[in-house]
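Residue numbers (UniProt numbering): 1 to 578.
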């Protein structure tokens, strides 16, 4: 239950505002998150961490001297957009490049990857690292598919200490990978969290039962068992983690480990200490030497009832990085000198957004594009529950509300820039950023890619014609497949986008008008969406419950088919009125 909030939609923004007000000596707010309010060493690597809000102290609470230089913060449980990440990285850049770090979730991978490409295109050296510490989320043979959970802190700490010591970007990245390879986490949950304004938890665990390996956003666990005693839970934690010793650790006896016993939101510190008492006994019995353990809340899941144990297997280098001093709002270690605050002028951030000059013809087209976006918004609002119900069969059920959030953000931004004289291309590109910002997650990232590709192809000089639109759709398909890594047959929106794009481009190449080509391609999209019912998901949150989804179409495929059909009807109406 969440007791204290104003408007649920404003919760994430208001919590950032309050966090900054309470910690102004360490952080300042920028568009998309927070950065240090103190002076960093010039010509050093800037480490940016990030993800959805709702995991405090991750991610904003880890910004400060000796730790992160900035945190990109999305909505509750939704990844920050590429624009937000880019804004934070630009504000924190010290002149020696940027390392972007995040948990290994599809939306974060997409958005941080896009931001990285944008920074590189502007001449800023940039690398990314996705933390993969959650041993329950994939097998030893698929480590790259594992989620990032409380082990985030271990990997972030190593990277940030290396950056603070003056290592170059390649060295910071190398040490970060080493820390990630040496970090393992296993978690459990007794009950789900309830977000502001919601009447039910995101997920539920049967009373008296405990979910093993359940993700911090409610992703499926690997099994359930009766709730154990504190000692029994400690024994489970240690047993699971000692079964996953890194391959380069040759001898357990006498090895040093960093340890984090993490509460996920509702398990009290006193309970954690009772559990840690037994954890410490078991690790000592195994011959391990614990170095500066942490017990408390470090990566939470709003108010989820649960806990996790993390081990980072140390060597001399990692121990130095783990023990290095840090001074952030929610994490302090060692003795840290008070850093020099930034001046008032340095704290200010320009928010002016310039628009490219557009022709009168393109400005007129922008009004038509705005009307299409408004119609799509109406469609998605009416179908949000239906899409959520489809998604809930094997996912977390948030596709409908995510699409609704995204399109409403896109419409708001489109109205604003249309009133300022934006062309059709710029309107779509700005709407793309807003969609990704508001929707978050994988879906938000992919729709941001799609609208940006379409807007770029259309441009601001001429009225959109069949060829430019078809090219934009093809570029959207290519971009989504590049960033999302999905292919036809994986049971995603790609199963609709590829045949829709191919049909549209083929018809346009044969001389069909935009309206006729689009309507024909929309029929293809409809059939492709329904055909996903027989596919087994190979990507995303539905993958662990793959068989359960057979017989139900993919929610992303259905929403895409709905949208292209709505656009087709609008094009038909516009053609008839001419």
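Glycine is no exception: its CB is placed at the ideal position from the N, C-alpha and C atoms. Please read these numbers as outputs of a predicted model, since none were measured by experiment.
For residue i and residue j, what's the separation of their Cα atoms in angstroms?
| i | j | result |
| --- | --- | --- |
| residue 196 | residue 7 | 8 Å |
| residue 355 | residue 159 | 37 Å |
| residue 145 | residue 288 | 28 Å |
| residue 164 | residue 403 | 40 Å |
| residue 543 | residue 536 | In this prediction, residue 543 has a pLDDT of 49, which is less than 50 and means its spatial position is unreliable; what the coordinates show is noted afterwards. Whole-angstrom Cα-Cα distance: 8 Å. |
| residue 467 | residue 148 | 43 Å |
| residue 136 | residue 311 | 14 Å |
| residue 231 | residue 279 | 8 Å |
| residue 581 | residue 329 | With the chain covering only 1 through 578, there is no way to say anything about residue 581. |
| residue 258 | residue 1 | 33 Å |
| residue 565 | residue 207 | 45 Å |
| residue 421 | residue 459 | 14 Å |
| residue 612 | residue 29 | Not covered by the structure: residue 612. The range shown for the chain is 1 to 578. |
| residue 577 | residue 411 | 24 Å |
| residue 556 | residue 493 | 5 Å |
| residue 86 | residue 242 | 39 Å |
| residue 318 | residue 92 | 25 Å |
| residue 254 | residue 248 | 15 Å |
| residue 16 | residue 32 | 10 Å |
| residue 228 | residue 188 | 11 Å |
According to DSSP, is residue i part of a helix, a strand, or is it coil?
| i | result |
| --- | --- |
| residue 53 | strand |
| residue 156 | helix |
| residue 18 | helix |
| residue 193 | coil |
| residue 541 | Here residue 541 scores only 48 on pLDDT, less than 50, and its place in the model should not be relied on; the value that follows carries that caveat. Three-state DSSP puts residue 541 in coil, outside helix and strand. |
| residue 238 | helix |
| residue 303 | coil |
| residue 112 | helix |
| residue 43 | coil |
| residue 289 | strand |
| residue 164 | helix |
| residue 1 | coil |
| residue 104 | coil |
| residue 294 | strand |
| residue 565 | helix |
| residue 64 | coil |
| residue 451 | helix |
Could you tell me which residues DSSP pairs with residue i in its beta bridges?
| i | result |
| --- | --- |
| residue 341 | 38 |
| residue 333 | 326 |
| residue 313 | 257 |
| residue 184 | 311 |
| residue 212 | 188 and 223 |
| residue 28 | 35 |
| residue 127 | 99 |
| residue 73 | 51 |
| residue 94 | Answer by DSSP bridge pairing: none, since residue 94 is not bridged. |
| residue 263 | 307 |
| residue 475 | Residue 475 pairs with nothing; no bridge assigned. |
| residue 134 | 185 |
Please look up how many angstroms separate the CB atoms of residue i and residue j, rounded, as I've assumed it's under 8 Å.
| i | j | result |
| --- | --- | --- |
| residue 43 | residue 89 | Not a contact, Cβ separation roughly 16 Å. |
| residue 463 | residue 362 | 7 Å |
| residue 436 | residue 444 | 5 Å |
| residue 400 | residue 385 | 6 Å |
| residue 580 | residue 99 | Any question about residue 580 goes unanswered here, given that the chain covers just 1 to 578. |
| residue 517 | residue 499 | About 13 Å; that fails the 8 Å criterion. |
| residue 296 | residue 272 | 7 Å |
| residue 176 | residue 129 | 5 Å |
| residue 606 | residue 453 | With the chain covering 1 to 578 only, the question about residue 606 has no answer from this structure. |
| residue 438 | residue 515 | Going by Cβ atoms, the distance from residue 438 to residue 515 rounds to 30 Å, so no, they are not a contact pair. |
| residue 582 | residue 39 | An answer regarding residue 582 cannot be provided, because it is not within the stretch 1 to 578 covered by the chain. |
| residue 171 | residue 162 | 7 Å |
Does any residue of chain D bring its CB to less than 9 Å from the CB of residue i?
| i | result |
| --- | --- |
| residue 477 | Of the chains in the structure shown, none is chain D; there is only one protein chain. |
By alpha-carbon positions, which one of the options ends up nearest to residue i?
| i | options | result |
| --- | --- | --- |
| residue 244 | 26, 286, 228 and 185 | 185 |
| residue 341 | 511, 41 and 14 | 41 |
| residue 221 | 190, 572 and 247 | 190 |
| residue 408 | 393, 173, 325 and 430 | 430 |
| residue 65 | 333, 293, 482 and 53 | 333 |
| residue 23 | 31, 62, 13 and 177 | 62 |
| residue 425 | 560, 360, 486 and 397 | 360 |
| residue 11 | 48, 52, 45 and 387 | 52 |
| residue 54 | 392, 300, 447 and 414 | 300 |
| residue 110 | 446, 510, 551 and 493 | 446 |
| residue 455 | 167, 475, 428 and 194 | 428 |
| residue 72 | 572, 210 and 13 | 13 |
| residue 277 | 316, 309, 246 and 303 | 309 |
| residue 450 | 482, 419, 367 and 461 | 482 |
| residue 520 | 262, 568, 491 and 174 | 568 |
| residue 284 | 307, 252, 522 and 267 | 252 |
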